[in-house]
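Peer 1: Numbering (the UniProt record's numbering), first residue to last: 1 to 190. Note that CB positions come from ideal geometry on N, CA and C, so glycine has one too. The structure's right below; bear with me while I get my questions together.
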């Protein structure tokens, strides 16, 4: 799909698609973290605890270094692929990169490698994504959460507003023609 977006919609459409896919996932991980640790924390307001501050610092560091590391690995894998004349080593290497550097592989620019990665990792994604969310869901003790707490509902409202606002701001900040921004391009299957 990313290849189709690059071909049909250009780079800005592909960036919007990646942002639209990654931003909710990262926000989902942050929300899962807070829900999982809700009974242990005295306050859930961002910056109100050392844990929340460290989490924000960690996410900011990720956004600073992940594109750089992803680009380095993209060139390294492309170089090794050309030297060995084989793509057999690519799936194990990509799995190792994902396990060590989380989402650094998502920022690669070599289209052939991206296609091979997508084909190789789809079965793993289909297996592990539901397992992750089921695991997090099973670990949550809903009895420990005070649903009458004003802090819980305030945090939920803030997260909802931030999610909607960032989606709108991402769409408004993208450069391109009006047709590109409104998604009026004709998508055709390859």
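(1) For residue 24, which of 86, 112, 160 and 172 has the nearest alpha-carbon?
(2) Under 8 angstroms by Cβ, that's how I've got residue 154 and residue 27 pegged, so tell me the actual separation to the nearest angstrom.
(3) Distance check for residue 144 and residue 89, CA to CA, integer angstroms please.
(4) Out of curiosity, what's the CA-to-CA distance linking residue 81 and residue 87?
(5) If residue 146 and residue 138 are in contact, beta carbons under 8 angstroms, what's the gap, nearest whole angstrom?
(6) Does DSSP put residue 175 in a helix, a strand or coil?
(7) Express the C-alpha separation of residue 167 and residue 178 in angstroms, rounding to a whole number.
(8) If you count every other CB in all the chains shown that lies within 10 Å of the CB of residue 73, and 16 or more means buried, which is it?
Peer 2: On the basis of the data shown:
(1) 160
(2) With a Cβ gap of about 17 angstroms, residue 154 and residue 27 do not count as contacting.
(3) 47 angstroms
(4) 6 angstroms
(5) Between residue 138 and residue 146 the Cβ distance is about 21 angstroms, and since that is not below 8 angstroms, they are no contact.
(6) coil
(7) 17 angstroms
(8) buried
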